[in-house]
Structures are given as C-alpha cells and as structure tokens.
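Take the sequence shown: its letter number 61 is residue 61 in full-length UniProt numbering, and every next letter is one higher. Note that the Cβ used here is the ideal one computed from N, Cα and C, for glycine as well. For reference, the structure is listed below as structure tokens.
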Amino acid sequence: MPLSGHCLCKAVTYTVDIDAPLVTGYDHCDDCQRQSGSTYSLVCVVPKALLKVEGPVKKYKGMGSSGNAVYRWFCEECGSPIAHDPDAAPEIIALKGGSLDTEIKKTLKPDVEIWTVGKLPFCQESLAHPFEHMPPS
C-alpha cells in the first residue's frame, strides 16, 4: 500500500509508491523546529522519484549545514509543512510525518534522531537512536 498524505486544508495531496518510509525519525535542527513550530519535526525519508504531489505547493529555499540548498515545501493555501528537500541528498525527500494520512501515521516507528546537537535542553531523553548531526552514509 503506498504512503499518502495531505496538508491541513487538503489542497495539497501526495502519494509515494512505497510501503514504508526508508527512515522515520526525529529531526532536532533549528530549521525543523521553526518550520514545525515545535521542539522537533517527525520526518519520513522516501525516494524523491516515487513522490507524486498535487496542489499549490510553495518552496522556501534555505541553506543546510552542507552549504547546499534545502527547499522546505508547504501548502500555499494553509501553510502546512509538507517536506524538506535537501540538495545534498537529491535522491531522497523528508516528508513531514504529521502530514501523512492518519492510519499511516499510527504505524510509524521512529528509529533515529538527527541533529541532536540542536535538541532543546528540556527534551534530553532519547526518543530513538541519536546522531549529533546527520547519520553516516
């Protein structure tokens, strides 16, 4: 069964022809905290070539720690974050876990934490396998 999801207003919908994310984890980088409006962002990494998106997506270009661009996708209508797309890893895209369909979200099993160097002091208990920055390739 493919993964699927949508923004808050359902103007943006997406599907990924894959049964489960390649990686599911907590991203503690400052940019993900700001985009999510929370202490971290739940991300589901999938092959970008398998992602099909419909609707009014806007992309904000920021810089990653690699010095390469990171494009943060969000709904143009309601502002819901959809994904972040790093130029440093062009074959993947990190979907925002909260945008997945409800029944799919219930099956997620986060297994990694990235950018724990940015983890806020009141969130120090490990949620999954921690990496100070990105995990080694």
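Comparing alpha-carbon positions, the option among 15, 14, 10 and 38 lying closest to residue 122 turns out to be 38. In the DSSP annotation of this structure, the continuous segment of the alpha helix (DSSP H) that includes residue 36 starts and ends at 30-36. Restricted to the stretch 70-108, the alpha helix (DSSP H) segments that are unbroken, complete and at least 4 residues in length are 102-105, listed in chain order.
DSSP links residue 60 through a beta bridge to 72.
With distances taken between CA atoms, residue 14 lies nearest to 95 out of 72, 70, 91 and 95. For residue 15, the uninterrupted beta strand (DSSP E) run begins and ends at 13-16, by DSSP.
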